[in-house]
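To start, the structure itself, in structure tokens.
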Amino acid sequence: MVKEVRWRYIIFHLHSPLSLKVEELNNVLKKHLRSFLGSYGLSKNPFKLIMYDEKSKLGILRCPHKSLEVISLGLALLSSIGGVSSAIHVARVTGTLKKARSITLELAEKLKSYWEELEVGMKKPSQATET
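Residues in the sequence shown are numbered from 6 upward in steps of one, following my numbering.
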């Protein structure tokens, strides 16, 4: 017996100064991919926004394995959201939602520590010793 669809989960990071809600991001992605693929192409390459964390700007998209390359390419071609320069970086692709969620948590921790290090580096030397 053959499975009907093999799903892939795309873990992505949104690089944008905007803070988008889940519904707004979903609408932006649908609009962008519709302009890239057309209505027919979007119907042949469906996707679903499973999760998006507004704080870390990490998210998970679900798509069929046959549509993985097309959806990833469409995400990479996103250059602006509402006139503001933005980009989406595809971090990883997995076959299970459980693994995608665990990877997203790991990446969120790494990003958090990275931004904390940058904040310390941006402070003046006299401020860096203060806590």
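No residue lacks a Cβ here, since even glycine has one placed at the ideal position from N, Cα and C.
Residue i versus residue j: straight-line alpha-carbon distance, rounded
i: S44; j: H37; result: 11 Å
i: V125; j: K62; result: 21 Å
i: V33; j: N50; result: 16 Å
i: R97; j: L25; result: 21 Å
i: M6; j: N31; result: 34 Å
i: R67; j: L47; result: 14 Å
i: K35; j: E122; result: 35 Å
i: V27; j: F17; result: 14 Å
Candidates the options: closest to residue i by CA position
i: A105; options: Y119, L54, G79 and S118; result: L54
i: F52; options: L110, Y119 and W12; result: W12
Beta carbon of residue i nearer than 8 Å to that of residue j
i: L19; j: I76; result: no
i: F41; j: G79; result: yes
i: L23; j: V95; result: no
i: Y14; j: I65; result: yes
i: S91; j: L83; result: yes
Task: the stretch 114–122 / the stretch 48–59 touching (three or more Cβ pairs under 8 Å) - done: no
Task: 3 or more residues per run - each beta strand (DSSP E) lying fully within the stretch 13–79 - done: 53–58 and 63–69
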